[in-house]
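Structure, as structure tokens:
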Amino acid sequence: MSKLFLSLICALALGVCAHAAEVTVAVAANFAAPMQQIARAFAQDTGHQAVVSLGATGSFYAQIRNGAPFHVFLSADDETPQRLEREGLAVSGSRFTYALGQLVLWSPQPGRVDDRGEVLRTGAFPRLAIANPRLAPYGQAAMQVLDRMGVTAQWQPRLVVGENIAQAYQFVATGNASLGFVALSQVLVDGRMDVHISGRLREGSAWIVPPSLHEPIRQDAVLLSRGQGNPAATALLAYLRGDKARAVIRAHGYSLGAGVGS
Amino acid sequence: MSAAAWSAIQLTLQLSTLTTLCLLLLATPLAWWLSQTRSRWRAPVSALVTLPLVLPPTVLGFYLLVILGPEGPLGRLTEALGWGLLSFSFPGLLLGSVIYSLPFAVQPIARAFESMGRRPLEVAATLRARPLDAFFSVTLPLARPGLVTAAILSFAHTVGEFGVVLMIGGNIPGRTQVVSTQIYGHVEAMEYAQAHTLAAGMLAFSFLMLLPLYLIKRRSDGVMP
Amino acid sequence: MSDRLQPDPGLHLQLSLQRADFGLSVDLRLPGRGITVLFGPSGSGKTTLLRCVAGLEPAARGQVRVLGEAWQDDAAGVCLPAWRRDLGYVFQEPSLFEHLDVRRNLDFGIRRAGKPGAAQALAEAVALLGIGHLMDRRIGQLSGGESQRVAIARALATRPRLLLLDEPLSAIDPARRGEVLPWLERLRDELHIPMLYVTHAVGELARLADHLVVLEAGQVRTEGPADALLVDQSLAVLAGIEAGTLVSAEVAERDADGQRLRVQFEGGSLWLPDEGQALGARIWLRVLPLGRAATDPAPRAGAASAPAHSPR
């Protein structure tokens with residue numbers, strides 16, 4: 001750990017002066033917006049170039065196993081980076097949670113969703129959208145919330161399952177589902193939230209689900225084997241835990257609990 | 263448009279053009295064999311050629327990824343030959359695209375050869391043309407409409423390719439990020455303006471490239487009585 | 488004629504071909520000059536035989552010797568592919584290359600045959616078949632008769648040693664067959680290339696044949712000089728045609744309007760359509776009985792059929 005801390009210091013110190021290197025980052029698609037911003041700031045502040053590839057976490061796993069040239073991986077869950085670590089494809093000890101997903105029950109219709117989620121007990125809408133619980137941590141969390149509230153049975157037959165959180169969002173946004181569990185980052189005004197106020201939604205009505213109702217939606221980052229020794233890779237991971245990056249991450253509707261990113 | 267967008271467009275056009283050329287070179291002799299042979303291999307080979315149509319593109323991409331990767335047979339071969347890995351590189355995309363669009367190239371050409379029948383070649387033989395000579399001076403000109411259709415379909419299909427390219431290429435900007443995957447990235451990042459611009463631009467480009475092909479085809483069709 | 492002084496190696500065709508529903512088996516020695524007509528009903532194997540001679544039937548077994556050249560000799564292990572056989576072939580349907588105009592169709596074989604005097608041969612063929620005015624036309628613009636004449640010229644342009652014609656008139660509108668038949672007669676008269684001519688039409692047979700081979704179910708029923716077969720009742724029956732009578736006549740007079748001429752034969756004269764025969768030329772008339780008139784007890788000879796070819 002201290003070795004990592006030391007290399008962090010060196011990277012930060014030398015980052016600007018060192019010969020600018022390039023780091024190829026595989027980023028889960030739902031983190032696209034904040035990552036673009038962070039990459040730009042990263043380049044400005046350290047001189048290193050982050051080449052960002054967007055895709056699905058599952059696909060990235062397959063690609064990394066089959067020789068993909070990525071140095072750093074920002075996953076949409078914590079399971080996949082763990083698996084990569086176990087399989088020796090990621091540098092052990094480099095994994096950390098870069099963001100916590102914030103679940104939100106949302107509908108584009110104003111007034112449909114109350115700010116305490118009572119609509120789940122009383123609402124009689126034909127369809128509720130969630131992400132696939134087998135594939136997406138947001139989906140798992142959504143199911144956990146329904147279980148906690150004891151309303152799983154009444155909603156089970158009316159669930160519309162999206163392949164990922166983006167598709168779940170599309171079901172609700174297009175009105176095919178009356179409401180659904182999506183990520184807060186998807187429904188903020190211009191994808192941003194003022195850090196000090198609890199944020200204005202782009203449109204509609206929402207219930208920001210208290211984190212206590214589900215397992216934390218951890219989105220972990222990890223240094224891949226190919227990135228070992230790449231100064232830009234190490235620098236990026238450090239940068240993600242820096243204050244600038246954290247501010248961007250929070251502004252996009254992700255939370256950073258205690259112990260995250262430290 | 264941004265530099266990244268131009269880079270993706272350039273890559274897409276390069277990929278589509280090269281794929282089309284490779285397919286014409288590959289599919290023509292294959293289609294010829296399929297249309298002429300009476301061997302019992304004809305049916306299995308035909309089925310094999312049609313297979314890429316059946317698999318979902320992401321699945322096809324996945325299996326190609328495994329085959330081309332360090333653990334796969336082709337990957338091991340390319341590494342042994344000192345070529346490194348084909349996955350996550352432009353040559354890998356080219357290979358994937360060729361396989362993905364193979365049925366679209368082979369079918370129209372094979373149909374064109376079949377509809378020609380044996381007579382033109384018999385005539386050519388009675389006029390002292392050797393088989394290869396007859397192929398180039400009689401068969402290919404008469405099959406031109408089929409060849410043009412194959413080119414059109416291959417090009418268009420490759421431009422619209424997404425799943426295969428995403429899987430084999432990894433969507434790496436400047437290297438394997440084509441327009442379709444770049445638009446996907448913009449949509450995911452909710453940068454809709456860029457997505458719209460790119461999509462519109464690509465449609466316009468493709469239209470301009472397909473139009474001359476269709477005009478050639480119309481002229482060719484006019485030759486046949 | 489000088490060629491009479493040299494022995495004629497002729498055509499030796501000894502061929503067998505087995506198909507699921509049909510078997511061809513022939514052993515023929517044919518003259519190496521003039522037109523040999525292969526005659527018979529459809530399905531008798533005439534076209535198959537022609538294609539075997541041309542090398543278009545890979546399953547054919549036996550021997551094909553043309554004017555001393557061995558095109559196929561199974562015993563000696565020789566089998567020239569079609570493109571190495573020095574022949575011209577005219578198919579039943581006009582089979583011109585649709586992607587080339589007339590001129591380029593004609594050039595196609597010339598460039599590949601690579602024989603000296605090619606340009607000359609082409610010019611002669613064009614003149615012989617009267618297609619000079621069609622040179623720049625596209626194939627789709629030609630009539631059936633014109634197409635076949637172009638096809639014949641194209642086959643001749645390579646200066647082949649043997650010309651094969653597979654029912655060249657049958658795909659042409661009957662009204663237009665008259666366009667092509669006289670040209671074929673000119674071919675026979677002016678060229679010295681032997682021709683194998685397949686037909687099932689008696690009229691063509693009568694006008695063109697020097698030698699005749701009658702086929703049935705893949706076998707040769709009879710063969711011999713056409714003149715003899717045409718007048719010999721017993722032979723003619725084998726050919727399935729009516730023998731009729733050949734009467735020798737002389738062209739005596741030409742009508743002022745150029746439509747008819749009068750031929751004089753022993754016992755009378757007849758007015759016939761003028762087909763350009765010279766005054767004083769001797770021709771054969773083939774006279775066929777048409778049948779009994781209702782009131783006349785004796786059969787009467789009907790009008791002569793189209794003038795038979797001139798005797799040599």
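Chains as they are written, first to last, in the numbering used here: chain A, 1 to 262; chain B, 263 to 487; chain C, 488 to 799.
Quick reminder that beta carbons are idealized off the backbone N, C-alpha and C, glycines included.
CB of residue i within 7 Å of CB of residue j, strictly
i                 : j                 : result
Ala715 of chain C : Val738 of chain C : no
Ile659 of chain C : Val637 of chain C : no
Leu574 of chain C : Pro518 of chain C : no
Ser75 of chain A  : Pro69 of chain A  : no
Leu525 of chain C : Val685 of chain C : yes
Ala391 of chain B : Trp570 of chain C : yes
Pro137 of chain A : Asp220 of chain A : no
Leu364 of chain B : Pro314 of chain B : yes
Leu383 of chain B : Ala367 of chain B : no
Glu585 of chain C : Ile639 of chain C : no
Ala309 of chain B : Ala372 of chain B : no
Three-state secondary structure (DSSP) of residue i
i                 : result
His448 of chain B : helix
Ala546 of chain C : coil
Glu22 of chain A  : strand
Asp114 of chain A : coil
Val685 of chain C : strand
Leu629 of chain C : coil
His499 of chain C : strand
Thr420 of chain B : helix
Pro784 of chain C : Low confidence applies to Pro784 of chain C: its pLDDT is 43, below 50, so where it sits in the model is not reliable, and the reading given next is rough at best. Three-state result, Pro784 of chain C: coil.
Arg304 of chain B : helix
Trp207 of chain A : strand
Asp573 of chain C : coil
Leu477 of chain B : helix
Ser269 of chain B : helix
Lys244 of chain A : helix
Val151 of chain A : coil
Other residues of its chain near residue i: CB distance less than 8 Å, five sequence neighbours each side excluded
i                 : result
Arg83 of chain A  : Tyr61
Gly257 of chain A : Leu100, Pro211, Pro216
Arg121 of chain A : Met149, Val151
Asp495 of chain C : Pro518, Gly519, Arg520
Gly861 of chain C : Nothing about residue 861 of chain C can be reported from this structure: the residues present for chain C run from 488 to 799 only.
Residues near residue i by beta carbon distance below 7 Å, same chain, minus five either side
i                 : result
Ala21 of chain A  : His48, Asn230, Pro231, Ala232
Ala206 of chain A : Val104, Leu105, Trp106, Val113, Val187
Glu85 of chain A  : Ser92, Arg95, Val222
Leu674 of chain C : Leu615
Arg663 of chain C : Ser630, Gly631, Gly632
Ala29 of chain A  : Leu54, Gly55, Ala56, Ala166
Arg741 of chain C : Leu748, Asp761, Leu766
Residue nearest to residue i in terms of C-alpha spacing, selected from the options
i                 : options                            : result
Pro216 of chain A : A:Gly101, A:Asn30, A:Ala29         : A:Gly101
Arg572 of chain C : C:Phe584, C:Gln579, C:Gly555       : C:Gly555
Leu757 of chain C : C:Leu593, C:Arg506, C:Val774       : C:Val774
Ser512 of chain C : C:Arg625, C:Glu672, C:Arg548       : C:Arg548
Ala451 of chain B : A:Pro34, A:Ala26, A:Glu79, A:Val25 : A:Pro34
Thr523 of chain C : C:Gln706, C:Ile597, C:Glu691       : C:Glu691
Partners in chain B for residue i, counting only beta-carbon separations shorter than 7 Å
i                 : result
Thr288 of chain A : What is shown of chain A runs 1 to 262, which leaves residue 288 of chain A out entirely.
Gly596 of chain C : Leu389, Arg390
Ala62 of chain A  : Phe324, Leu327
Under 9 Å from the C-beta of residue i: neighbouring residues of chain A
i                 : result
Leu428 of chain B : Gly55, Ala56, Ser59
Gly354 of chain B : Per Cβ cutoff of 9 Å: no residues; Gly354 of chain B is ~10 Å from chain A at best.
Leu347 of chain B : Asn66, Gly67, Pro69
Glu423 of chain B : Correct list: empty, because the minimum Cβ distance to chain A is about 15 Å.
Sequence-distant residues of its chain with Cβ nearer than 6 Å to residue i (five each side left out)
i                 : result
Val160 of chain A : Arg127, Ala129, Phe171, Ala177
Ala245 of chain A : Ile38, Tyr239
Leu394 of chain B : none
Val119 of chain A : Val113
Val589 of chain C : Leu621, Met622, Arg624, Val637
9 Å Cβ cut-off: residues of chain B touching residue i
i                 : result
Ser582 of chain C : Arg381, Pro382, Glu384, Val385
Val104 of chain A : In chain order: nothing, as chain B lies at least about 15 Å away.
Val51 of chain A  : Ile434, Pro435, Gly436, Arg437
Neighbour list for residue i in chain C, Cβ cutoff strictly below 9 Å
i                 : result
Leu404 of chain B : Phe584, Glu585, His586
7 Å Cβ cut-off: residues of chain C touching residue i
i                 : result
Val400 of chain B : Phe584
Interface residues of chain A facing residue i [CB-CB closer than 7 Å]
i                 : result
Gly331 of chain B : Asn66, Gly67
Partner residues on chain A for residue i, Cβ-Cβ distance less than 8 Å
i                 : result
Phe350 of chain B : Gln63, Gly67, Ala68, Pro69
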